[in-house]
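For reference, the structure discussed in these notes is given below.
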Amino acid sequence: METAAKDGAAPWRRHEQVRPPIGALPSVVDVLLVGCGPVGATIANLLARYGVHVLIVDKSTEVSIARRAIELDNDALRILQLAGIGEPDFETSTVPYVRMRTPMLGQVGQISSASRLDGYPKPVTLYQHELERCLRARLEKYDCVHIAPGVELGSFTEEGDHVLASLELDHGRPHIVRARYVVGADGAYSLVRQTIGPHFWGKTFAEKWLVAAARHLSRPADDIEFISDHRRPNRCMAGRSGRERWKFMLRPDERHENIKAEVRIREMVAPSGNPEATMIERKAVYRFRTRTLNAFSRGRVFFAGDAAHIRPPSVGRGLAAGLRDAANLCWKLAWVVQGRADSRILDTYDEERRPPHEKVITKLARFMRKLVTPRNGGIALWAHGLMQLSPPVLPLRAQPEESQIQPKKTTRRGVFVKGRSPTKLVRGAVIGQGRVRGSDGKARPSDEVFGQGLVLIGFGTDARASLDSSEAAAFARAGGSTVQIAHRGERPHLARHDSWEDLDGVFLPRLVPVGWAAVVRPDKTVVHDGPATDASRLVRESLSLLGQHCWVMQ
147 METAAKDGAA
157 PWRRHEQVRP
167 PIGALPSVVD
177 VLLVGCGPVG
187 ATIANLLARY
197 GVHVLIVDKS
207 TEVSIARRAI
217 ELDNDALRIL
227 QLAGIGEPDF
237 ETSTVPYVRM
247 RTPMLGQVGQ
257 ISSASRLDGY
267 PKPVTLYQHE
277 LERCLRARLE
287 KYDCVHIAPG
297 VELGSFTEEG
307 DHVLASLELD
317 HGRPHIVRAR
327 YVVGADGAYS
337 LVRQTIGPHF
347 WGKTFAEKWL
357 VAAARHLSRP
367 ADDIEFISDH
377 RRPNRCMAGR
387 SGRERWKFML
397 RPDERHENIK
407 AEVRIREMVA
417 PSGNPEATMI
427 ERKAVYRFRT
437 RTLNAFSRGR
447 VFFAGDAAHI
457 RPPSVGRGLA
467 AGLRDAANLC
477 WKLAWVVQGR
487 ADSRILDTYD
497 EERRPPHEKV
507 ITKLARFMRK
517 LVTPRNGGIA
527 LWAHGLMQLS
537 PPVLPLRAQP
547 EESQIQPKKT
557 TRRGVFVKGR
567 SPTKLVRGAV
577 IGQGRVRGSD
587 GKARPSDEVF
597 GQGLVLIGFG
607 TDARASLDSS
617 EAAAFARAGG
627 STVQIAHRGE
637 RPHLARHDSW
647 EDLDGVFLPR
657 LVPVGWAAVV
667 RPDKTVVHDG
677 PATDASRLVR
687 ESLSLLGQHC
697 WVMQ
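Whatever position you read off the sequence shown (first residue = 1), add 146 for my numbering.
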């Protein structure tokens, strides 16, 4: 894949022309998607895999190669896998450590992040424009997707069972499209959000930061470092090909034009190499914000990514959060559009994605801000000394081998069964992923085996055997399938083609005992679990959440 990082590239070019094939724009679609950045393109790929007819409009005709998002976590990579994008499709670099240093005490915290979780490293660095190009290229294989670059949303109105939108083509020519739903993934300055006008509450941090992309440092970093210096707090993140991204906090009396001078930036990155040899590829001054919509949906309109929430860079992982939005929303839209679920499940998108994750992230961001940007040397020495003496003070010290700066993968309300029935799994949480092996002898990620729909998983047993024919048929109509997970080495003794060996022990016996069963959603969230002998009840109660109340009579 050609990238700006490779030889002969021009890293200072801000855009690269993309010319996807454009036919006549449709007038009727299932979903009108506004915005084709990484979140929008992921949404389009997920919907396309479900067979949903999508029209994507984006006012830009180009993919920006200005370096924006640079980090993803294992959850985000797993969601891209659901969208059909794997590790070989775009380049990433593993980050082995996340460290916090201070000028007075040296290193005061460290996370080992080199291990893999759910089949992926945590975290990785990347170039956003490469991911966007990869996602857009994959969209070309789907007949149900139309991409319209250079087309802007003019206005839209909700009319009963659909939304009527006016699009602005070249030279202001209008095009009217009727869509069952609209998704705004058009960024922090979302036109969709501005048109509807929901409250975008939050805070703008007073501090200004210089962000600089540097190359040819003689001692390039291979990790992420927070340098808590009260004189000039900064952050360094390793990139690919000897690149680094630095963030330096400006002092109140510093002017933008002075701090952005290349000679000044070279001085600030001098501890990492020869200032004269360092190439500054990009520089910008930002004032960071945190914002969250008071509702992630209104009527037939939904918001995802930066259109719904803006996160501070210290802990936000904003792109990863947007990809989680995509995974949660897309299967629900698809199931409603295709008649497999009642439209009421769309209300759970806001319930599952907005609270309480955003509050947790905001509180953590404020805590990290105070820790990384102490007001004076005395406060810095006290806070950092306390970190060294009291490991539980900060997630960076609490669990040296496991990053805690990540939202929990659970929710209190949503499309999962609550109650006091026996449980081994956390309902409303994402089930783990491991490698499984089928009858062909090839190892696959378990998400690939579980498929794009609902799945009834029997652990060490065939849960489908507990369903009668009408129950099995109802589950299939709702997009369900069945899979059996066996202990490693048991597969050869099983006759069923849908049984798979658990090669890594992720499920058996670490997660559940033999004889257990679970219903899992397309986004790999646990809906229900219990003894496999109760599979009939598990299926019935799971289908009731989708509004399939009459399934037993069909």
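From the three backbone atoms N, C-alpha and C, an ideal C-beta is built for every residue, glycine too.
Note that this is a predicted model, so its numbers are computed, not measured.
I need the straight-line Cα distance from residue i to residue j, nearest angstrom please.
i      : j      : result
Glu371 : Val185 : 27 Å
Phe449 : Pro295 : 20 Å
Ser116 : Leu356 : No answer is possible for residue 116: the residues shown for the chain start at 147 and end at 700.
Gln227 : Ser627 : 19 Å
Glu685 : Lys570 : The sequence shown places Val at residue 685, not Glu. Going by the C-alpha atoms only, they are around 17 Å apart.
Phe442 : His455 : 9 Å
Leu692 : Asp332 : 29 Å
Gly265 : Val582 : 11 Å
Asp399 : Tyr196 : 54 Å
Asp316 : Arg282 : 21 Å
Val563 : Val209 : 42 Å
Ile373 : Glu413 : 16 Å
Glu278 : Gly183 : 6 Å
Ala407 : Ile426 : 10 Å
Leu313 : Val297 : 7 Å
Glu237 : Phe351 : 33 Å
Ala681 : Leu600 : 14 Å
Glu594 : Thr671 : 14 Å
Val518 : Asp675 : 43 Å
Phe346 : Ser336 : 11 Å
Leu602 : Ile189 : 25 Å
Lys349 : Gly468 : 19 Å
Arg444 : Leu479 : 14 Å
Ala334 : Ile342 : 15 Å
Lys205 : Arg319 : 14 Å
Met395 : Pro379 : 6 Å
Tyr288 : Gly625 : 20 Å
Ala430 : Lys393 : 10 Å
Apart from the five residues just before and just after residue i, which ones in its own chain have a Cβ nearer than 6 Å to its Cβ?
i      : result
Ala215 : Gln274 and Leu465
His376 : Pro520, Asn522, Gly523 and Ala526
Asp608 : Gln630
Ala359 : Arg213, Arg391, Glu427 and Arg428
Thr557 : Glu498 and Gly574
Trp477 : Pro668 and Asp669
Pro267 : Thr240
Arg500 : Phe442
Between the Cα of residue i and the Cα atoms of the options, which residue gives the shortest distance?
i      : options                           : result
Gln253 : Ser259, Ser261 and Tyr243         : Tyr243
Asp493 : Pro295, Arg486 and Val561         : Val561
Tyr327 : Leu277, Thr238, Gln484 and Asp289 : Gln484
Lys588 : Asp648, Val601 and Ala624         : Asp648
Val447 : Glu276, Glu304 and Ser258         : Glu304
Glu286 : Ala334, Arg224 and Asn191         : Asn191
Thr741 : Val652, Asn474 and Gly451         : A query on residue 741 cannot be resolved here, the shown segment of the chain reaching from 147 to 700 and no further.
Glu636 : Ala611, Leu657 and Ser585         : Ser585
Glu353 : Arg515, Ala170 and Asp614         : Arg515
Gly651 : Asp644, Ala663 and Arg634         : Arg634
Looking at the C-beta of residue i, does it have a partner C-beta in chain C at a distance below 8 Å?
i      : result
Ile426 : Absent from the structure: chain C. Only one protein chain is present.
What do you get for residue i, buried or exposed, if any count of 16 or more other CB atoms within 10 angstroms of its CB means buried?
i      : result
Gln340 : exposed
Gly578 : buried
Val409 : exposed
Ala423 : exposed
Gly481 : At residue 481 the sequence reads Trp, which differs from the Gly that was named. So Trp481 counts as buried.
Met250 : exposed
Gln630 : buried
Asp221 : buried
His292 : buried
Ile411 : buried
Glu617 : buried
Thr138 : With the chain running from 147 to 700 in the structure shown, residue 138 is simply not present.
Asp496 : buried
Ser102 : It is not possible to answer for residue 102, since the shown part of the chain is limited to 147 through 700.
Arg566 : exposed
Thr679 : exposed
Could you round the C-beta distance between residue i and residue j to whole angstroms and report it? I think they count as a contact, below 8 Å.
i      : j      : result
Val660 : Phe596 : So it is not a contact: roughly 19 Å between Cβ atoms.
Val203 : Val180 : 6 Å
Pro344 : Asn440 : 6 Å
Could you name the residues of the same chain whose beta carbon sits closer than 7 Å to that of residue i, not counting the 5 residues immediately before and after it, in chain order?
i      : result
Arg324 : Ser173, Val174, His308 and Leu310
Glu687 : Val563 and His674
Gln598 : Arg195, Tyr196 and Pro668
Asp369 : Val241, Pro242, Tyr243, Val244, Arg245 and Ala384
Is residue i near the ligand GDP, judged by its Cβ being under 7 Å from some heavy atom?
i      : result
Gly578 : In the structure shown, the ligand GDP is absent, as is every other ligand, since no ligand is present at all.
Looking only at its chain, what residues have a beta carbon closer than 8 Å to the beta carbon of residue i, apart from the 5 residues adjacent to it on each side?
i      : result
Cys280 : Met147, Ile231, Asp235 and Phe236
His362 : Gly388, Gly419, Ala423, Thr424 and Met425
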